[in-house]
Amino acid sequence: MKLGKTLLFSTVLAAGAGLAMGATDAHASETYTVQSGDTLSKISHKLVGNDSLVSSIAKANKISNVNMIFAGQELTINGDTKAATTSTEASAPVQETTTQTTTVQETAPAATTTVTETPAATTANTAATTSSAKEWIAQKESGGSYSASNGQYVGRYQLSASYLNGDYSEANQERVADQYVTSRYGSWEGAQAFWQANGWY
Numbered sequence: 165m166k167l168g169k170t171l172l173f174s175t176v177l178a179a180g181a182g183l184a185m186g187a188t189d190a191h192a193s194e195t196y197t198v199q200s201g202d203t204l205s206k207i208s209h210k211l212v213g214n215d216s217l218v219s220s221i222a223k224a225n226k227i228s229n230v231n232m233i234f235a236g237q238e239l240t241i242n243g244d245t246k247a248a249t250t251s252t253e254a255s256a257p258v259q260e261t262t263t264q265t266t267t268v269q270e271t272a273p274a275a276t277t278t279v280t281e282t283p284a285a286t287t288a289n290t291a292a293t294t295s296s297a298k299e300w301i302a303q304k305e306s307g308g309s310y311s312a313s314n315g316q317y318v319g320r321y322q323l324s325a326s327y328l329n330g331d332y333s334e335a336n337q338e339r340v341a342d343q344y345v346t347s348r349y350g351s352w353e354g355a356q357a358f359w360q361a362n363g364w365y
């Protein structure tokens, strides 16, 4: 009789421990590595199917400008926020669609690279299109002025001052802008399309 009570108590204790461990795991934070072409909005859509995680991801990772993240950057996703959002949204099919769209975008730079190997006329055409998209963004952001300033955003492409590292020269603005756009959108055309859809890039 005593053995039966001990066995029952052990079983209840093990079940309780398993339940406690399951509850802890359900709300654990996770890490997400930023892919080329990602934005906080796209990442939120991948995880929960809507924009509801944008502010919590920015807060958890101390991102002051939600429009600036870089490929390779590791972001902490708060498990409690994700669990709460997921429980109120049934958006799994949207999540799948967003992932497929991102895959298509990842192939875009490769397609552009192939185009550059075509005859000179096509290459010149592509360069002209890139130059046009770049100029379009410069005009929208600063009226084309290298000395324009808007709070923490500086110069012709309104880059964060922290990206320019104190060097506001025209050459450095051009170099950093090209790196930023290539890292985030793959091309100036991609950046222009995003700007037209969202009002910023």
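The opening position of the sequence shown corresponds to residue 165 in the numbering used here, with each subsequent residue numbered one higher. Heads up, the beta-carbon is just placed ideally off N, CA and C, and yes, glycines get one too. Note that the structure is a prediction, hence the values are computed from the model and not measured.
Is the Cβ-Cβ distance between residue i and residue j less than 9 Å?
{"i": "S147", "j": "A235", "result": "Residue 147 lies beyond the residue range present for the chain, which begins at 165 and ends at 365; the question has no answer from this structure."}
{"i": "Y321", "j": "A297", "result": "no"}
{"i": "A224", "j": "L204", "result": "no"}
Relative to the ligand PLP, is the shortest distance from any of its heavy atoms to the C-beta of residue i smaller than 8 Å?
{"i": "G307", "result": "You won't find the ligand PLP in this model; it holds no ligand whatsoever."}
Report the residue from the options whose alpha carbon sits nearest the alpha carbon of residue i.
{"i": "D331", "options": "S311, I301 and L239", "result": "S311"}
{"i": "A357", "options": "N336, W300, V318 and S306", "result": "W300"}
{"i": "Q303", "options": "N329, W364 and I221", "result": "W364"}
{"i": "V198", "options": "I233, S309, G308 and E334", "result": "I233"}
{"i": "S306", "options": "Q337, S326, A292 and Y327", "result": "Q337"}
Who are the Cβ neighbours of residue i in its own chain at under 6 Å, not counting the five residues just before and after it?
{"i": "V345", "result": "W352 and A355"}
{"i": "S200", "result": "A235"}
Enumerate in chain order the residues of its own chain whose CB-to-CB distance from residue i is below 7 Å, with the five nearest sequence positions on each side excluded.
{"i": "S193", "result": "T240, I241, N242 and G243"}
{"i": "Y317", "result": "L323 and S324"}
{"i": "W359", "result": "I301, K304 and Y365"}
{"i": "S309", "result": "R320"}
{"i": "N229", "result": "S324"}
{"i": "V218", "result": "L204, S205, S208 and V230"}
For residue i, which of helix, strand or coil comes out of DSSP?
{"i": "Y332", "result": "coil"}
{"i": "N314", "result": "strand"}
{"i": "A272", "result": "Residue placement at A272 cannot be trusted, given a pLDDT of 45 that sits under 50; what the coordinates show is reported in the next sentence. Helix."}
{"i": "A309", "result": "Before going further, note that residue 309 is Ser rather than Ala in the sequence given. Coil, per DSSP."}
{"i": "T294", "result": "helix"}
{"i": "G196", "result": "Per the sequence shown, the amino acid found at residue 196 is Tyr instead of Gly. Strand at Y196."}
{"i": "S351", "result": "coil"}
CB-CB under 8 Å to residue i, same chain, minus the five flanking residues each way: which ones, in chain order?
{"i": "T195", "result": "E238, L239, T240 and I241"}
{"i": "L328", "result": "V318, G319, N336, Q337 and V340"}
Unbroken stretches of the beta strand (DSSP E), 3 residues or longer, contained in the stretch 206 to 242: Those beta strand (DSSP E) runs which fall completely within the stretch 206 to 242 and span 3+ residues are 238 to 241.
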